[in-house]
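J.:
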Amino acid sequence: MLNQLLFIALPYVALATFLVGSIYRYLYKGFKVSSLSSQFLEGRTLFFGSQPFHWGLFFLFFGHLIAFLFPSTLIAWNGHTVRLLIIECASFAFGISALWGLLALVTRRLTNKRVQMVTNKMDVVVYLVLFIQIVSGLCVAYFNRWGSNWFAAFLTPYLRSIFVFDPQIDAISTVNSVWLKIHVVSAFSIIAIIPFTRFVHFLVYPVDYLWRSYQQVIWNWDRRSIRTSRAHSYGKKSLNN
Amino acid sequence: MFMKGKSIIKTISIFSLFVATIQLPLAAQNGEATFKQSCGVCHSIGKGKLVGPDLKDVNKRRSEEWILKFVKGSQAFIKSGDADAKAIFDEYGGMVMPDQNLSDDAIKSVIAYVAEQSGGAVSASVAEATPSQTETKDTANLADLILKGRLYFEGNTAFKNGGASCISCHNVNYKDMIAGGVLAKDLTNCYARLGGDAGISGLLSSPPFPAMTQAFKNNPLTQDEIKALSAFLQDVDNPQAPQTAGMNPLLIGGLIGFMILFGLILLVWNKRKIRSVKSDYHGRQIKTIN
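Protein sequence lines correspond, in order, to chains A and B.
Each residue of the first sequence is one higher than the one before, counting from -5 in my numbering.
Each residue of the second sequence is one higher than the one before, counting from 5 in my numbering.
(1) What is the rounded straight-line gap between the Cα of tyrosine 6(A) and the Cα of phenylalanine 193(A)?
(2) Which class does histidine 174(B) belong to by DSSP, given the choice of helix, strand or coil?
(3) Using a Cβ-Cβ cut-off of less than 9 Å, give me the residues of the region 217 to 229 of chain B that come near chain A, in sequence order.
(4) Name the chain A residues that come within less than 9 Å of leucine 259(B), Cβ to Cβ?
(5) Please list the partners that arginine 139(A) has in chain B, where partner means a Cβ-to-Cβ separation under 7 Å.
(6) Thinking just about the alpha-carbon of each residue, which of Val240(B), Pro212(B) and Asp88(B) is nearest to the one in asparagine 193(B)?
(7) For glutamate 36(A), which residues in the same chain have their Cβ closer than 8 Å to its Cβ, ignoring the five residues on either side in sequence?
(8) Helix, strand or coil for arginine 276(B), going by three-state DSSP, please let me know.
(9) Taking one C-beta from the region 167 to 178 of chain B and one from the region 220 to 227 of chain B each time, how about it: are there three or more such pairs within less than 8 Å?
(10) Do serine 130(A) and isoleucine 185(A) have their beta-carbon atoms positioned less than 8 Å apart in this structure?
(11) If I measure Cβ to Cβ from glutamate 69(B) and keep anything under 6 Å in the same chain, skipping five residues before and after, which residues do I get?
(12) Quick one: give me the first and last residue of the alpha helix (DSSP H) that glutamine 162(A) is part of.
(13) Would you please verify whether the beta carbon of asparagine 294(B) is less than 8 Å from any beta carbon of chain A?
(14) Quick one: give me the first and last residue of the alpha helix (DSSP H) that glycine 95(A) is part of.
(15) When the Cα atoms are used, what is the spatial distance from asparagine 175(B) to asparagine 138(A)?
(16) Are the C-beta atoms of asparagine 200(A) and some chain B residue less than 8 Å apart?
(17) Label glutamate 36(B) either buried or exposed according to how many other C-beta atoms from any shown protein chain fall within 10 Å of its C-beta, with 16 as the threshold for buried.
(18) Output, in chain order, the set of chain A residues within a Cβ distance shorter than 9 Å of asparagine 295(B).
(19) Could you check whether the Cβ of isoleucine 156(A) sits closer than 8 Å to any Cβ belonging to chain B?
(20) Listing by chain order, which chain B residues have their CB less than 9 Å from the CB of leucine 94(A)?
(21) Three-state secondary structure (DSSP) at threonine 191(A)?
(22) May I have the straight-line CA-CA distance separating isoleucine 163(A) from phenylalanine 56(A), to the nearest angstrom?
(23) Go ahead and label threonine 67(A) buried or exposed: buried means 16 or more other beta carbons lie within 10 angstroms of its beta carbon, across all protein chains shown.
(24) Report yes if the CB atom of isoleucine 150(B) is closer than 8 Å to the CB atom of alanine 235(B), and no otherwise.
(25) What's the C-alpha gap between threonine 226(B) and glycine 159(B)?
(26) What residues of chain B sit near tryptophan 49(A), judged by a beta carbon separation below 8 Å?
(27) Please go through the same chain and pick out, in chain order, the residues whose beta-carbon is closer than 7 Å to the beta-carbon of leucine 99(A), but skip the five residues on each side of it.
(28) Is aspartate 86(B) helix, strand or coil when you go by DSSP?
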């Protein structure tokens, strides 16, 4: 019964809440679809937390997605021992990176008064589920190793069975790894709370920042020099940055 | 938050209803089919031990309640302090019987089937007979076969139907082979434990463990692959084999990877703006005030 609840009911409730909630939030609270950046308030320690955290999660997210979409390719890649070691160590490195980043960000939020002013209750929830998710993921990778391979073998069929509305939970509910079960349950919990937390910002990733041109910030002190300036050509990098 | 409590509850209840309707049509299973699918690989009825005990007359030896508990969660049952369960577990070398996700009715129908089969002549339809290990293998071929098995085990030769390699979940202590997976049981001594070629080929042709069933459901192993793996596992099952599992390279590899990543981040964002544009002015003014 508990298994049905955790591995069938929870995923569907989570996916439904995610879909409905995100659309609602985007339509009715569009300006709140963001993570409420606190970079203006504190930027120096943010860098050492935010960067490792986001790069770690970025690669882990796509790693899981690839295992979900192309399991046989992954198994073929892992066929050679050296390649298996590379992918496992690299994934573990991104996991450590995400954990390091998360701890740095939590420390920053706990110690910086400015950041505390913009902290809300859901941020605490976010930190908690992220901590559970990352630590359980690292433990799965370490204590139940070669996860990249067995993910493709029996977890992908489970996840696919969810999406084709024919859930097959035999494998996941009897697997001999509590860490894996925690990891799966907390993953679906994260999906469920996306619309209610700062997680929404991953839906509106500002991709065009990658190619948009530099923006010039101009202080209008001397009208005359602005009028006659030749520095306004398109896409010129500002000098004070 | 922005979504009213009521509407959240509504959404959730609609979806739980939806989920409940998917769950309802659990097909009634009959004993024979369930036995063949879930039990027959490790248990026989009146043909001796395979991986687990012979189930002949099990209905007379144990109560129905006892069987139900053992089948649904043998480890939990042993931990609850049942002496009989513990004795069986020890007798079979600590081989864990996987928890079967079967309904009470399905298990009862299997018990009824076993009782029926135990009665008279044993039907020919019951799972494979006792192991016959008389097949002789000539040495040159055997070495080849072992190597082939090793390559399959490691994944260096892909399985024909695309199944995942054994090393994903299992470890064996064998020569220079890297540490294997630790999700499932260590296979170093499985050859003897499972009763030789027959036990292994029975298990591999229809794996009774749910995760393994799932992994090989759509990409079963071929007979050649099973033969090679069996030969390899026989070679592995060697009392002189080192008993310590290989080192887990993840922690060291991961930490080195993390340091490289961190270094890269620092390198790429080396020219980031650390101080604000006006921090000089601001500093001067603060100094004047004080």
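From the three backbone atoms N, C-alpha and C, an ideal C-beta is built for every residue, glycine too.
Given the structure is predicted, the values throughout are model-derived calculations rather than measurements.
T.: Answer, in terms of the structure:
(1) Spanning the two alpha carbons is a distance of roughly 19 Å.
(2) coil
(3) Thr217, Gln218, Ala219, Phe220, Lys221, Asn222 and Asn223
(4) Phe86, Ala87 and Ile90
(5) Gly185, Val186, Asn252 and Leu254
(6) Val240(B)
(7) Arg102, Asn106, Arg108 and Val109
(8) Coil, per DSSP.
(9) yes
(10) no
(11) none
(12) Per DSSP, glutamine 162(A) belongs to no alpha helix (DSSP H) and is neither H nor E.
(13) At a cut-off of 8 Å between C-beta atoms, asparagine 294(B) does not count as an interface residue with respect to chain A.
(14) Counting along the chain, the alpha helix (DSSP H) containing glycine 95(A) begins and ends at 75 to 105.
(15) 11 Å
(16) A quick correction: the sequence has proline, not asparagine, at residue 200(A). False, the Cβ-Cβ gap to chain B never drops below 8 Å.
(17) Residue environment analysis places glutamate 36(B) among the buried positions, since at least 16 neighbouring C-beta atoms fall within 10 angstroms of its C-beta.
(18) Residue 295(B) lies beyond the range of chain B shown here (5 to 294); nothing can be said about it.
(19) no
(20) Looking at the sequence shown, residue 94(A) is not leucine but tryptophan. The contacting residues are Phe262 and Phe266.
(21) coil
(22) 24 Å
(23) Exposed, since its Cβ has fewer than 16 Cβ neighbours within 10 Å.
(24) Contact flag set, yes.
(25) 15 Å
(26) Leu265 and Ile269
(27) Result list for leucine 99(A): Gly43, Ser44 and Phe47, in chain order.
(28) coil
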